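**Q** If you read the sequence shown in this note's numbering, its first letter stands for residue 3, the second for the next number, and so on.
The C-beta atom is built at its ideal place from N, Cα and C for all residues, glycine as well.
Keep in mind it's a predicted model, so treat the numbers as computed, not measured.
Sharing a structure here in structure tokens format.
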Amino acid sequence: MIRYADLEVGKEYRNKGGGTFRCVNYSYDNIYIMRNVLSGWTFYAHNITMYPNGSIEWDYSTDGHFE
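Below, the structure is given as structure tokens:
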């Protein structure tokens, strides 16, 4: 497990709990702007963890909205 993973902007990642999310941008301090590829729900994901299989999860999200 990689705590505070460095994501690649533009790349899609599978959430450990389900769903696929595109990394839209890096904000700051391990906060990434993520977008659900199916719904367009966009949010700030805080403290992302990456698992050995490449899936990710985050501690919490803020400022969610539909694009």
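Is V39 helix, strand or coil when you go by DSSP?
**A** As a first step, residue 39 must be located in the sequence shown, where it is residue number 37. Coil at V39, not helix or strand.
**Q** Taking the alpha carbon of V39 as the point to measure from, which residue in R16, L9, S63 has its own alpha carbon closest?
**A** For the purposes of this step, residue 39 is taken as the residue at position 37 of the sequence shown. The residue with the shortest Cα to Cα distance from V39 is R16.
**Q** Please report how far the alpha carbon of R5 lies from the alpha carbon of I50, in whole angstroms.
**A** Walking along the sequence shown from the start, residue 5 turns up at place 3. Walking along the sequence shown from the start, residue 50 turns up at place 48. Each residue's alpha carbon lies about 7 Å from the other.
**Q** How would you label Y34, buried or exposed, when you count the other beta carbons within 10 angstroms and need 16 or more for buried?
**A** Translated into positions along the sequence shown, residue 34 becomes position 32. With 16 or more other Cβ atoms within 10 Å, it is buried.
**Q** Would K18 and S57 be called neighbours here (beta carbons separated by less than 8 Å)?
**A** In the sequence shown, residue 18 corresponds to position 16, counting from 1. In the sequence shown, residue 57 corresponds to position 55, counting from 1. Closer than 8 Å, so yes.
**Q** Hey, how far is the Cα of M36 from the Cα of C25?
**A** As a first step, residue 36 must be located in the sequence shown, where it is residue number 34. As a first step, residue 25 must be located in the sequence shown, where it is residue number 23. Their backbone Cα atoms lie some 5 Å apart in a straight line.
**Q** Of all the options E59, G66, T64, which has the alpha carbon lying nearest to the alpha carbon of G21?
**A** Stepping through the sequence shown from its first residue, residue 21 is reached at position 19. For the residues E59, G66, T64, the minimum Cα distance to G21 belongs to E59.
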